[in-house]
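Have a look at the structure below, then the notes.
There are 2 protein chains.
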Amino acid sequence: MNIAIIGLGVIGGTFAKAIRASYGQKHRIMAIDVNQETLNMAIADEVIDVGETSNQSILSEADLVVFAIYPNMIKDFILYHRDNFKDGATLTDTAGVKSVVMKNVEEILPHNLSFIFGHPMAGREKKGYAYADASVFQGANYVITKSDLNSNQEIEDFKEFLYPLGFKRITVTNAVMHDEMIAHTSQLTHAIAVSLINSDDRLDETIKYIGDSYRDLTRIANMNESLWPELFSHNKEALLDNMERFEDAFTTLKEAIKNDDLKVMESIFKASSHRRIRLEQSDMKK
Amino acid sequence: MNIAIIGLGVIGGTFAKAIRASYGQKHRIMAIDVNQETLNMAIADEVIDVGETSNQSILSEADLVVFAIYPNMIKDFILYHRDNFKDGATLTDTAGVKSVVMKNVEEILPHNLSFIFGHPMAGREKKGYAYADASVFQGANYVITKSDLNSNQEIEDFKEFLYPLGFKRITVTNAVMHDEMIAHTSQLTHAIAVSLINSDDRLDETIKYIGDSYRDLTRIANMNESLWPELFSHNKEALLDNMERFEDAFTTLKEAIKNDDLKVMESIFKASSHRRIRLEQSDMKK
Numbered sequence: 001m002n003i004a005i006i007g008l009g010v011i012g013g014t015f016a017k018a019i020r021a022s023y024g025q026k027h028r029i030m031a032i033d034v035n036q037e038t039l040n041m042a043i044a045d046e047v048i049d050v051g052e053t054s055n056q057s058i059l060s061e062a063d064l065v066v067f068a069i070y071p072n073m074i075k076d077f078i079l080y081h082r083d084n085f086k087d088g089a090t091l092t093d094t095a096g097v098k099s100v101v102m103k104n105v106e107e108i109l110p111h112n113l114s115f116i117f118g119h120p121m122a123g124r125e126k127k128g129y130a131y132a133d134a135s136v137f138q139g140a141n142y143v144i145t146k147s148d149l150n151s152n153q154e155i156e157d158f159k160e161f162l163y164p165l166g167f168k169r170i171t172v173t174n175a176v177m178h179d180e181m182i183a184h185t186s187q188l189t190h191a192i193a194v195s196l197i198n199s200d201d202r203l204d205e206t207i208k209y210i211g212d213s214y215r216d217l218t219r220i221a222n223m224n225e226s227l228w229p230e231l232f233s234h235n236k237e238a239l240l241d242n243m244e245r246f247e248d249a250f251t252t253l254k255e256a257i258k259n260d261d262l263k264v265m266e267s268i269f270k271a272s273s274h275r276r277i278r279l280e281q282s283d284m285k286k
Numbered sequence: 001m002n003i004a005i006i007g008l009g010v011i012g013g014t015f016a017k018a019i020r021a022s023y024g025q026k027h028r029i030m031a032i033d034v035n036q037e038t039l040n041m042a043i044a045d046e047v048i049d050v051g052e053t054s055n056q057s058i059l060s061e062a063d064l065v066v067f068a069i070y071p072n073m074i075k076d077f078i079l080y081h082r083d084n085f086k087d088g089a090t091l092t093d094t095a096g097v098k099s100v101v102m103k104n105v106e107e108i109l110p111h112n113l114s115f116i117f118g119h120p121m122a123g124r125e126k127k128g129y130a131y132a133d134a135s136v137f138q139g140a141n142y143v144i145t146k147s148d149l150n151s152n153q154e155i156e157d158f159k160e161f162l163y164p165l166g167f168k169r170i171t172v173t174n175a176v177m178h179d180e181m182i183a184h185t186s187q188l189t190h191a192i193a194v195s196l197i198n199s200d201d202r203l204d205e206t207i208k209y210i211g212d213s214y215r216d217l218t219r220i221a222n223m224n225e226s227l228w229p230e231l232f233s234h235n236k237e238a239l240l241d242n243m244e245r246f247e248d249a250f251t252t253l254k255e256a257i258k259n260d261d262l263k264v265m266e267s268i269f270k271a272s273s274h275r276r277i278r279l280e281q282s283d284m285k286k
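Quick mapping for you: the protein sequence lines, in order, are chains E and D.
Residues in the first sequence are numbered from 1 upward in steps of one, following full-length UniProt numbering.
Residues in the second sequence are numbered from 1 upward in steps of one, following full-length UniProt numbering.
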């Protein structure tokens with residue numbers, strides 16, 4: 001089929017590379033990106049077959065359109081191009097929050113188009129096509145949030161398309177569940193990493209005293225500051241709930257330290273170790 | 001020289017393996033460990049030359065003694081064996097907290113022995129010799145906390161011995177500075193990882209929604225519960241200070257989310273990104 005990637009940044013680029021790596025020439029890969037140099041690079045890499053800085057003919061040819069632009073740009077893109085899509089095309093997104101995106105898109109989606117909402121749970125902290133790497137999809141989770149507009153068959157077909165890209169587990173759920181879970185596994189972790197590195201008051205000394213734990217916990221503190229405020233804001237309630245649950249656990253540990261209560265600390269560490277081991281055992285990805 | 005490793009767990013084992021890998025047969029490596037099977041394994045691996053489950057002759061032959069046992073066992077070990085050490089031997093430790101360990105040891109150290117206090121900033125979340133891996137020292141930090149009893153020359157000699165094991169940066173400082181910095185880079189990070197995973201209220205679902213950020217931030221939540229309460233307690237004040245600074249940063253971000261203040265979030269994320277990039281630039285380890 002003909003596939004159009006909208007936005008050839010780190011996520012769009014990873015999609016294009018993973019499709020090319022898994023399917024070879026079976027699919028024709030096209031991209032729309034504002035940056036002509038990026039398109040040239042991807043064509044030179046043989047990752048895409050054709051690129052346009054604004055839509056000329058790509059949308060009219062695309063059977064599958066993958067949005068890898070900022071979530072709040074998707075609705076406007078569809079509205080602007082509503083007459084340019086191929087009849088019967090399937091659209092999909094990669095946004096990290098779903099409730100708001102789904103609501104916005106479902107309101108305006110032309111009846112001759114289908115939209116499958118999806119979230120590849122893999123990424124890089126760096127921006128741009130240059131950091132796109134097909135291997136980040138290997139063993140990763142993918143979450144599809146089924147809309148009332150979706151048939152079971154099209155969801156199954158999309159899963160069949162995705163698995164060869166390397167995903168280990170594709171979960172079909174609803175937007176509320178997705179956003180609640182993501183508040184914990186992705187948004188809370190970013191909030192923590194940011195707060196950890198911002199709380200360092202001796203930055204120049206710190207470098208001499210870091211081990212792998214500090215490297216790991218601050219890796220995602222390098223965030224795309226144009227994207228994340230929007231993601232946090234769209235999922236405010238679930239995120240605040242999770243931040244508060246984290247604060248409760250943190251306070252419990254702090255009190256045990258204050259009181260020199262080694263027994264309570266021991267039981268807290270036993271619980272966390274047990275949970276982490278369970279996570280490893282059910283998570284096949286290394 | 002003859003080197004004795006006291007405690008052939010993950011840290012002692014890593015030391016033995018790194019010494020063997022870097023120096024080959026130049027040094028004779030001996031180990032005392034309560035577990036005969038561990039000693040047999042390390043002999044079969046040609047990582048150590050000789051092992052004893054309790055000291056017979058090893059200490060009397062050792063020019064360098066490396067303690068890789070729980071910090072609060074070091075003092076008693078020295079007291080118990082005070083007449084067994086080789087005259088003029090250098091002792092060193094690997095403990096993650098220094099003020100308490102130094103105080104305890106300095107009080108009782110026999111005058112014919114020297115002690116260099118050290119902390120390799122590298123480790124594994126798993127316990128035991130089987131998880132020892134010489135490569136974890138590659139590019140890692142090492143911190144030596146100089147005692148009044150140490151001459152500059154012996155510190156220099158020890159650094160020369162350590163660099164070939166793979167350490168990138170060896171910092172000589174004092175115990176107070178070490179413990180304050182470690183409170184941030186190591187203890188706070190562990191407190192955060194533990195609290196994050198313990199705050200998860202839907203463990204069985206979580207696995208479907210995790211990406212690399214959650215894997216990274218919870219890796220160290222698997223903690224040796226016999227060791228860490230002691231480490232936290234020995235460094236209580238500095239750790240509590242750092243926990244509170246982290247809470248302040250976390251609260252600032254939480255308020256911005258509550259108030260939908262995208263501008264404040266943006267400036268918080270810009271600051272954290274900037275800090276993380278600085279860290280990467282000065283940290284040569286990948």
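For each residue, glycine too, the CB sits at the ideal point set by N, CA and C.
**Q.** Cutoff 8 angstroms; reference LEU239(E); Cβ partners in own chain excluding five residues on either side
**A.** ALA183, GLN187, LEU188, ALA191 and PHE232
Q: Sort ASN242(E), THR145(E), THR206(E) and GLU61(E) by Cα distance to ARG275(D) and report the nearest one.
A: THR206(E)
(Q) Going by the DSSP bridge assignment, what does ASP93(E) pair with across the sheet? (A) PHE67(E)
Q.
I'd like the list of long-range same chain contacts for ALA256(E), defined as Cβ closer than 7 angstroms, with 5 residues on each side in sequence excluded.
A. VAL264, MET265 and ILE268
Q. Thinking just about the alpha-carbon of each residue, which of GLY128(E), ALA68(E) and VAL194(E) is nearest to the one in ARG245(D)?
A. VAL194(E)
**Q.** Anticipated Cβ contact below 8 angstroms, GLY118(D) with ILE144(D), distance rounded
**A.** 5 angstroms
Q. Is PHE77(E) closer than 8 angstroms to ASP93(E) when the C-beta atoms are compared?
A. no
Q) Between ARG278(D) and LEU203(E), which are expected to be in contact by the criterion C-beta below 8 angstroms, what is the C-beta distance as a whole number of angstroms? A) 7 angstroms
Q: Measure from the C-beta of TYR131(D) to each C-beta in chain E and report whether the shortest distance is under 8 angstroms.
A: no
Q: Report the rounded CA-to-CA distance for TYR142(D) versus ASN141(E), giving the unit in angstroms.
A: 37 angstroms
(Q) Suppose the cutoff is 7 angstroms on Cβ atoms and the five residues either side in sequence are ignored; what does the same chain contact list for GLU180(D) look like? (A) ALA238
Q) For ILE197(D), which residues of its own chain have a beta-carbon under 8 angstroms away from its beta-carbon, when the five flanking residues on both sides are left out? A) THR218 and ALA221
Q) If we call anything under 8 angstroms between Cβ atoms a contact, is MET30(D) one with ILE3(D)? A) yes
Q: Sort out for me which residues DSSP pairs ASN141(D) with in a bridge.
A: MET121(D) and ARG169(D)
(Q) Please list, in chain order, the chain D residues whose beta carbon lies closer than 9 angstroms to that of LYS103(E). (A) Residues of chain D passing the Cβ test: none, with the nearest at roughly 17 angstroms.
(Q) Pop quiz: ASN235(E) and VAL97(E) are said to be a contact at Cβ under 8 angstroms. What is the actual Cβ separation, rounded to whole angstroms? (A) 5 angstroms
**Q.** Contact list for ASN141(E) against chain D, beta-carbon separation under 9 angstroms
**A.** ILE207, LYS208, TYR209, ILE210 and GLY211
Q. Given that THR92(E) touches chain D, what residues does it touch there, using C-beta distances under 8 angstroms?
A. Under the 8 angstroms cutoff, chain D gives no residues; its nearest Cβ is about 18 angstroms from THR92(E).
Q: Verify the CB distance criterion: does LYS270(D) have a CB-CB separation below 8 angstroms to chain E?
A: yes
Q) Applying the criterion that 16 or more other CB atoms from any shown protein chain within 10 Å of the CB defines a buried residue, is TYR80(D) buried or exposed? A) exposed
Q. What runs of the alpha helix (DSSP H), each 4 residues or longer, lie entirely inside the region 169 to 202 of chain E?
A. 175 to 182 and 189 to 198
Q. VAL264(E) lies in the beta strand (DSSP E); which residues open and close that run?
A. No beta strand (DSSP E) holds VAL264(E); the alpha helix (DSSP H) holding it covers 262 to 282.
Q | Rounded straight-line distance, which links the Cα of ILE5(D) to that of GLU154(D) | A | 19 angstroms
Q.
Within a Cβ cutoff of 6 angstroms, which residues of the same chain sit near LYS286(D), ignoring the five residues on either side of it in sequence?
A. Confidence at LYS286(D) is low in this model, with a pLDDT of 42, below 50, so its placement is unreliable and no value can be given for it.
Q) Buried or exposed: which applies to ARG82(D), given that a residue is buried once 16 or more other Cβ atoms fall within 10 Å of its Cβ? A) exposed
Q: Could you check what DSSP says for ASN2(D) in three-state terms: helix, strand or coil?
A: strand
Q. ARG245(E) lies in the beta strand (DSSP E); which residues open and close that run?
A. From DSSP, ARG245(E) is part of no beta strand (DSSP E) but of the alpha helix (DSSP H) over 236 to 258.
Q | Cβ-based contacts, 9 angstroms cut-off: residues of the region 235 to 257 of chain D near chain E | A | LYS236, LEU239, LEU240, ASN242, MET243, GLU244, ARG245, PHE246, GLU247, ASP248, ALA249, PHE250, THR251, THR252, LEU253, LYS254, ALA256 and ILE257
Q: For ASP133(E), collect the residues of the same chain with a Cβ closer than 8 angstroms to its Cβ; drop the 5 residues on either side in sequence, then sort them by chain order.
A: THR14, LYS17 and ARG124
Q: Name the two residues that bound the continuous alpha helix (DSSP H) containing GLY51(E).
A: Not the alpha helix (DSSP H): GLY51(E) falls in the beta strand (DSSP E), residues 50 to 52.
Q.
Under 8 angstroms, Cβ to Cβ, is there at least one residue of chain E near VAL172(D)?
A. no
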